[in-house]
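Engineer:
Protein chains in written order, with full-length UniProt numbering: chain A, 1 to 275; chain B, 1 to 111.
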């Protein structure tokens, strides 16, 4: 093997520096091959809980296949007995994409988000788990960013954040933004969570980490998402963030009423006392 | 007197180090509040600052905390990242997806 070591113009670089350059080049190449090797060995299980998402689930599946074609993944759809025929659409998608890639693991009726994840986890065969919403507010085009961030940093959890530069929200009124920002500041002052977006639910977990945290969480709804990330932070897991954009509810409507605010505050107090 | 209080505060911090991982967050906050209360009491005792000012210190603390919170909310609201172009991109993605799926026999009628 022959290597040309650059000694700079007129030999301005010392031999010492040139050798360091060469060693750096060697490390860089080794990192690249390690990254390639790692990409081939990881399997990603994407868990999508659905309820009446007949159109959105088809769009999401298409977009996932469009954006991570070279990754080994499976999509686990946990449907809670949707009356609008979501499960029929999933079966049609299985005809197109294969039922080794799209798994339908349905449940008889609405049983809650937390249990939907647990149910999906039982059937997950990957070593990483991605959770995302089925209403197209989470765009699959960020999946490569999550995967890349995890591979670069070796993080246990990569969470999407809407509140940093590069991320963002569309479709929120000023009132909604105010409530969201106020809630965020309150949560940060009280809990010191270590992440900028507590209620976000677009996350990549190592499967073992998710199994560990989910067994100790008891809340419902989006407080559940908060509880998961706060518990993970307390347990010392390595958490990284990726900016994501969030387009609120393309089809359908998103609600934030008084009862949601009360639930949020109760959730904060609960987390304050138990984490 | 202030020596006793500062020793008490020091002991509390030792306790924190011992039980770091198991300590609930509320306990950390309470400990911090007790610590600054101890400092406040010692200030009252030693009268380094005129007593009238010292009595008002807790009020100043609460008010400045409130102001800090409001400031953070205001700044965050002004800097709130928005992405109107994403809605347009999403609509394009939806059209592309519908075309492909229709072509492959998936029913994409509106819900």
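Beta carbons: idealized from backbone N, C-alpha and C, even for Gly.
Values in this document were obtained by computation on a predicted structure and should not be read as measured data.
Listed from N- to C-terminal order along the chain, which residues in the region 183-206 of chain A have their beta-carbon within a distance smaller than 9 Å of any beta-carbon of chain B?
Structural biologist: Those would be 184, 185, 186, 188, 189, 190, 191, 192, in chain order.
Engineer: Please report whether the beta-carbon of residue 84/B lies at a distance below 7 Å from any beta-carbon of chain A.
Structural biologist: Closer than 7 Å to some Cβ of chain A, the Cβ of residue 84/B qualifies, so yes.
Engineer: Buried or exposed: which applies to residue 91/B, given that a residue is buried once 16 or more other Cβ atoms fall within 10 Å of its Cβ?
Structural biologist: The residue in question, residue 91/B, is exposed, as its Cβ has fewer than 16 Cβ neighbours within 10 Å.
Engineer: Put residue 72/A into one of helix, strand or coil per three-state DSSP.
Structural biologist: Strand at residue 72/A.
Engineer: Which complete alpha helix (DSSP H) runs does the region 190-264 of chain A hold, if anything under 4 residues is left out?
Structural biologist: Runs found: 207-214, 221-234.
Engineer: Tell me, please, which residues DSSP counts as bridged to residue 56/B.
Structural biologist: According to DSSP, residue 56/B bridges with nothing at all.
Engineer: Give the residues from the region 48-73 of chain B that approach chain A closer than 7 Å (Cβ to any Cβ), ordered along the chain.
Structural biologist: Flagged, chain order: 69, 72, 73.
Engineer: Between the region 83-103 of chain B and chain A, which residues of the former have a C-beta closer than 9 Å to a C-beta of the latter?
Structural biologist: Within the region 83-103 of chain B, the residues whose Cβ lies closer than 9 Å to some Cβ of chain A are 83, 84, 85, 86, 87, 89, 90, 91, 93, 94, 96, 97, 98, 100, 101, listed in chain order.
Engineer: Please confirm whether residue 77/B has its beta-carbon closer than 7 Å to some beta-carbon of chain A.
Structural biologist: With 7 Å as the cut-off, residue 77/B counts as an interface residue toward chain A.
Engineer: Mind checking residue 97/B: buried by the 16 CB within 10 Å criterion, or exposed?
Structural biologist: Buried, since its Cβ has 16 or more Cβ neighbours within 10 Å.
Engineer: Name, please, each residue of chain B whose Cβ falls closer than 9 Å to the Cβ of residue 89/A.
Structural biologist: Under the 9 Å cutoff, chain B gives 106, 107, 108.
Engineer: Does any C-beta atom of chain B lie closer than 7 Å to the C-beta of residue 272/A?
Structural biologist: So, interface residue.
Engineer: Cβ closer than 8 Å: which chain A residues qualify as neighbours of residue 26/B?
Structural biologist: 272, 273, listed in chain order.
Engineer: Please list, in chain order, all residues of the same chain as residue 54/B whose beta carbon is under 6 Å from its beta carbon, the five residues on each side excluded.
Structural biologist: Cβ neighbours of residue 54/B beyond the five flanking positions: 43, 44.
Engineer: Is there contact between the region 187-205 of chain A and the region 125-142 of chain A, where contact requires at least three CB pairs shorter than 8 Å?
Structural biologist: Output reads yes: the region 125-142 of chain A touches the region 187-205 of chain A.
Engineer: Beta carbon of residue 232/A, beta carbon of residue 118/A: below 7 Å?
Structural biologist: Cβ atoms of residue 232/A and residue 118/A: not closer than 7 Å.
Engineer: In the DSSP output, what is residue 45/A paired with across the bridge?
Structural biologist: Paired residue(s): 74/A, 129/A.
Engineer: I need the straight-line Cα distance from residue 85/B to residue 141/A, nearest angstrom please.
Structural biologist: One C-alpha to the other measures close to 15 Å.
Engineer: If residue 155/A and residue 268/A are in contact, beta carbons under 8 Å, what's the gap, nearest whole angstrom?
Structural biologist: Their Cβ separation, rounded to whole angstroms, is 25 Å, which puts residue 155/A and residue 268/A out of contact at 8 Å.
Engineer: Determine the closest residue to residue 25/B out of 162/A, 234/A, 263/A, with distance taken between C-alpha atoms.
Structural biologist: Answer by Cα proximity: 234/A.
Engineer: Is any beta-carbon of chain D found at less than 7 Å from that of residue 80/B?
Structural biologist: No chain D is present in this structure, whose protein chains are A and B.
Engineer: For residue 165/A, which beta-bridge partners are listed by DSSP?
Structural biologist: Answer is 167/A, bridged to residue 165/A.
Engineer: So the beta strand (DSSP E) residue 102/A belongs to, where does it begin and stop?
Structural biologist: Looking at the DSSP string, the run of the beta strand (DSSP E) that includes residue 102/A is 102-104.
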